[in-house]
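Residue numbers (UniProt numbering), protein chains in the order written: chain A, 1 to 412; chain B, 1 to 412; chain C, 1 to 412. Report on one structure; see the data block that follows.
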Amino acid sequence: MMHFDAIAESLKQDKPGFTLPQKLYVSEEAYKFDTEVMLKSVWLYACTIAHVKNPGDRFLFELGDTSVIVTRTKDGEIKAFHNSCTHRGAKLCDGAGKSARLVCPYHQWTFSLDGKLLAARNMPEEFDKAEFGLRPVALENIGGLIFLCLADNPPPIDRVKADIEEQIAIYDMTKLKVAVQDDLIEPANWKLVMENNRECYHCDASHPELLKSLSTYGFGKGLPEDGEGDVVDDAAFDAMLEAQRQRWEDLGFYHDIVEFPDNWWHRVARLPLANGAVSQTLDGKPASQKPIWPHGLNETTSLSVWTQPNSWHHFCCDHVVTFSLTPLGPEKTLLRTTWLVHEDAVEGVDYDPANLAAVWRATNAQDSHLSAVNHAGIKGDGYRPGMYSVEEKLVDAFKAFYVERSRAALGV
Amino acid sequence: MMHFDAIAESLKQDKPGFTLPQKLYVSEEAYKFDTEVMLKSVWLYACTIAHVKNPGDRFLFELGDTSVIVTRTKDGEIKAFHNSCTHRGAKLCDGAGKSARLVCPYHQWTFSLDGKLLAARNMPEEFDKAEFGLRPVALENIGGLIFLCLADNPPPIDRVKADIEEQIAIYDMTKLKVAVQDDLIEPANWKLVMENNRECYHCDASHPELLKSLSTYGFGKGLPEDGEGDVVDDAAFDAMLEAQRQRWEDLGFYHDIVEFPDNWWHRVARLPLANGAVSQTLDGKPASQKPIWPHGLNETTSLSVWTQPNSWHHFCCDHVVTFSLTPLGPEKTLLRTTWLVHEDAVEGVDYDPANLAAVWRATNAQDSHLSAVNHAGIKGDGYRPGMYSVEEKLVDAFKAFYVERSRAALGV
Amino acid sequence: MMHFDAIAESLKQDKPGFTLPQKLYVSEEAYKFDTEVMLKSVWLYACTIAHVKNPGDRFLFELGDTSVIVTRTKDGEIKAFHNSCTHRGAKLCDGAGKSARLVCPYHQWTFSLDGKLLAARNMPEEFDKAEFGLRPVALENIGGLIFLCLADNPPPIDRVKADIEEQIAIYDMTKLKVAVQDDLIEPANWKLVMENNRECYHCDASHPELLKSLSTYGFGKGLPEDGEGDVVDDAAFDAMLEAQRQRWEDLGFYHDIVEFPDNWWHRVARLPLANGAVSQTLDGKPASQKPIWPHGLNETTSLSVWTQPNSWHHFCCDHVVTFSLTPLGPEKTLLRTTWLVHEDAVEGVDYDPANLAAVWRATNAQDSHLSAVNHAGIKGDGYRPGMYSVEEKLVDAFKAFYVERSRAALGV
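Encoded structure:
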């Protein structure tokens, strides 16, 4: 393993409640460390089962220089393999697609969808096909969300599975399809893009579209009507939740909020939407006319899932929006946003893709600018770790996860 | 501090009278050393007071990844701060502008123009606003030229101040305004751009526009009529200066040339213009009809100031042109050229911006090409340090300054 | 010299019959090692004598940051010099051209075509022009093919010269001219571009144009009609060669195949063309109506020369096509392809440039894509060195040369 002395040193300097030391946000070394060590030691959210809905479907997930093929086999299983031919290493697939087998474009070595080498011409006598199947990657399907881990010995995932699977089961992701997908490249370090997602301290001034349906409760914010001088009003938040609770219990889907329990890396929260909205749309109305759960299109509630270190997901009554984030460079991050609707919903009839994507497409663009401005300022000599506000508790939780796993990966 | 072993080794190999060893011109390590160590140990020319003429005006000066805001406060003082919010580090301003306060675009933390934190929402109880003002940067105003230093303990600047301030006082920069500004990115190391500025050995073949008004005396050149076979004729230069001297003494602004005295880093010279020109223009006539000094528009003289390591300035009777240089990469340099005229001069009436900028705009483009060619040739294996000609004494002086300060910064 | 510990370690891990360890294909360190050490320790093919056909002609060959001028002197000799002025290092020439002398664009120092410094203005008294000539680069002209070596002590080249010169003499390159030249930048490591050239295991699926005239015999391939299930049929290959041999002996140009003898770095093979073609063209007919050898335009034969580590050449009865390859970055390679015809052939009358270049222009584009796909897959974590097929013996030979010379250069 490479040496990451400056990273180890910076990790030691980190203080709870404060932003990270500069080198962890902006250096080439931190990018190498994150992509080659830290992010390979944890589970990463890759895509949904809807991305590989039918046998033969494949989807690519890429981290740094490593490309992984997620396939749906003939038997309907979901598998993951390194996207590199076992002959001379060529990249087998250059994107999502569908085919009965995986054929290398270079010399036509041919693999089954579950990774077996089926054909290779003119190899020496000692060559044994059984030894040259595709290299597998660890995969977990949590209620339709696919997580991958590139470590040889993946860390446990059972409690995440237990907490998430049960709660999203009501939305039955086997019945969903991908309606829209955006790939946005943000000019900022991936950790700043994550930090940006974990607070709504910046929302009032930047996200008019999002605030039409998103309640900023639960991010440590007080009541919107408190305006600039607001203080965090946990009592008001609790009272509001309590008022909804009975309805959700009556319908049979109430759960207490799961908030990064015992140092695990997931948060699951059912929250009311704001302003009486029933979906995260510009007008608060459903974006798709086919409900994706059993309770119709009139419930002002959504289930949100956040996982460390790279995803968040919102389940409404009519659609799911899911976010997967990967670094592309020290100052370059891919944010992939996917909107899912019921497989029976017909584009142009039951849903308008532009309307479905409108809120988060606008929000993502606003956040991309803020993260870029954040990164630009951190690069300079003037930066010192700053103190998080009361509204940035979840930012601190993300940062603490990053520091803790990084220290463990480095053994410092 | 990073290790710069290869830089230290190259600095030791340097020989007076010869160009620098290769690594100091072209390596990534030299760029890091220059921007993170060497250039932070000295005073750098940033801009003029005309760039922040009125209260609320701000201007950015950037060195490598570090951005500095120069502000004019409500009280008319000029201050400099790191352009990084003390909350989560976001870049406060992305360019020059004017505003009553500095408001962070991310979470709206608000600072006064003299750097005090005025507002920050929902911070923890232990938070003390007084501790989170903007971080100041050392600043000196020398007769209207603003110098900054990013060192914790800036080196002395008093003698530079004494020698320059007195001589440029006659041009009263408080009465000037910015008329034109060009940002030119040259594809060459910044030291090669500096070396290019410090000799006119290349002028005859490359700068027809400049030579209409610039006398190449004083750069170690002989008489132009000597042609290719010329030798340096110091006697002719001295005689020519002597002839002018009485006139300048009569008008009360004569000073002897100040030439990097006692290892200081400034040169100040009043010289006649060539061909009877009264301004550095294509036709030798004033570019602006409003004089910027008390002696009218008919004097064939200019005051030039050169400072190590990044500026030069020419004061004519009608305008000032001032150059600030900063590295952007190992092979990428920003040359910022600003033309100033009297604040009462009206664009389109008293001056034509294109005519005002014509000579140096053409000259900068020619020099950019020469510096790029210089850099390209130094990169190869064939390069060895070469001997400076008699006409390149000031190049050698720049190089000696660079080597001496670099050695001091590294302690070698 | 820099340290190349990771390179040395990877070189030790290399196994015959398998592709290289990952770091040797894709790392920044390997690029530095290849361009600064390995490729400077060997002879590189640069261009032909036709590129500097007449006195005053010059051509540039560039490796990494090092630029070399190949000149034809007044006396008709061919010389090579570093493209860096001995004054301040500027690049003397920025491309091929023709001139009686080499004049530096910066300060007009002037050199003869054989590298002597002729003029330099205003130098100090102790300056001696004889010490400031251009720095020479080792050059060998092998029957019209120009090889350069940037080492201080070039390795032997005599056996290469003996084997190649005699066989290509029949094509008399002094009578050829450059008809077409393509510079193609491939997004892959140079070694992968070389490996791609050294096998036709990929040809059936990728090169329809090339296979119209190229026999894949001799690359370890069997008969084309054997189809996908073919095995290597050396006997058939030998019989086919034997059938041609008598004809070539009768015409006086038969030689046995020279195949990297005794660890030397050249392969020379006269082979029949496929499908009765007499030239490597789309229709198998001559591309130029002026033969370049004494036996007319009806012989279905070509002479091919391959040299390690960066060239290959095909001589047909009517034209020569020659390939020179240089790395531009870890993942960026310049492939320069030049088509030569008889100096008396008239464009538009005797040859159509588009037709002359058609086969290899198409083939190069196909190979560029394959090499890029190869590189992309090797970058990821999933890559492990893979086993070469029976048809990839010459790939293994290239790789063995690379490893052996690299180990020698590093002393490991």
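Here a beta-carbon is modelled for each residue, glycine too, at the ideal position from N, C-alpha and C.
Per DSSP, residue 278 of chain B lies in no alpha helix (DSSP H) and is assigned neither H nor E. Distance between residue 311 of chain B and residue 147 of chain B, taken at the CA atoms: about 10 Å. For the 9 Å CB-CB criterion, residue 276 of chain A and residue 300 of chain A form a contact. In terms of Cβ geometry, residue 71 of chain B and residue 88 of chain B do not form a close pair [threshold 9 Å]. Cα atoms of residue 317 of chain B and residue 295 of chain B: separation of roughly 8 Å, rounded to the nearest angstrom. Straight-line measurement puts the Cα of residue 358 of chain C at about 51 Å from the Cα of residue 349 of chain A.
Rounded to the nearest whole angstrom, the CA to CA distance from residue 193 of chain B to residue 115 of chain C is 28 Å.
Counting only runs of at least 3 residues, the UniProt domain "Rieske" (44-148) of chain A fully encloses the following beta strand (DSSP E) elements, listed from N- to C-terminal order: 44-48, 57-63, 66-72, 78-82, 117-119, 138-142. Residue 174 of chain B sits exposed, since fewer than 16 C-beta atoms from the chains shown fall within 10 Å of its C-beta.
For residue 238 of chain A, the secondary structure class from DSSP, reduced to helix, strand or coil, is helix.
For residue 329 of chain C, not one C-beta of chain A is nearer than 9 Å to its own C-beta. A direct Cα-Cα distance of roughly 33 Å separates residue 98 of chain B from residue 159 of chain B.
For residue 85 of chain B, the C-beta contacts it makes with chain A under 7 Å involve 377, in order along the chain. Nearest neighbour of residue 48 of chain C by Cα position, chosen from C/22, C/64, C/168, C/352, turns out to be C/168.
Residue-level contact by beta carbon fails for residue 3 of chain A and chain B, as no gap is shorter than 9 Å. Proximity of the region 18-36 of chain B to the region 322-339 of chain B meets the contact definition, three or more beta-carbon pairs being nearer than 8 Å. The C-beta of residue 185 of chain A has fewer than 16 other C-beta atoms within 10 Å across all chains shown, which makes the residue exposed. The DSSP-derived three-state label of residue 4 of chain C is coil.
The beta carbon of residue 67 of chain B falls within 9 Å of a beta carbon belonging to chain A, placing the residue at that interface. Around the beta carbon of residue 246 of chain A, a 10 Å sphere encloses fewer than 16 other beta carbons of the protein chains shown; the residue is thus reported as exposed.
As the crow flies, the alpha-carbon of residue 391 of chain C is around 20 Å from that of residue 209 of chain C. At a cut-off of 9 Å between beta carbons, residue 172 of chain C makes no contact with chain B. Using a Cβ-Cβ cut-off of 9 Å, residue 116 of chain A does not count as an interface residue toward chain C, since no Cβ of chain C sits closer than that to its own. Sixteen is the threshold: since fewer than 16 other Cβ atoms of the shown chains lie within 10 Å of the Cβ of residue 365 of chain A, the residue is exposed. Annotation: residue 157 of chain A to residue 271 of chain A spans about 25 Å, alpha carbon to alpha carbon.
In this chain, the beta strand (DSSP E) harbouring residue 314 of chain A covers 311-315. For the pair residue 15 of chain C and residue 385 of chain C, the CB atoms are nearer than the 9 Å cut-off.
In this structure, DSSP gives residue 255 of chain C a state outside helix and strand, which the three-state scheme calls coil. Comparing alpha-carbon positions, the option among A/340, A/266, A/248, A/258 lying closest to residue 287 of chain A turns out to be A/340. A Cβ of chain A is located within less than 9 Å of the beta carbon of residue 370 of chain C.
Assignment of residue 289 of chain B by DSSP, reduced to helix, strand and coil, places it in the coil class.
If you check each beta-carbon in the region 190-216 of chain C against every beta-carbon of chain A, the ones closer than 7 Å belong to 201, 202, 205. By a beta-carbon distance limit of 8 Å, residue 258 of chain C contacts residue 163 of chain C. Their separation comes to about 5 Å. At the C-beta level, residue 165 of chain C and residue 142 of chain C come within 9 Å of one another. Under DSSP, residue 360 of chain C shares a beta bridge with no residue. If the five residues before and after residue 4 of chain C are omitted, its C-beta is found closer than 8 Å to the C-beta atoms of 29, 32, 33, 37, 410, all from its own chain and listed in chain order.
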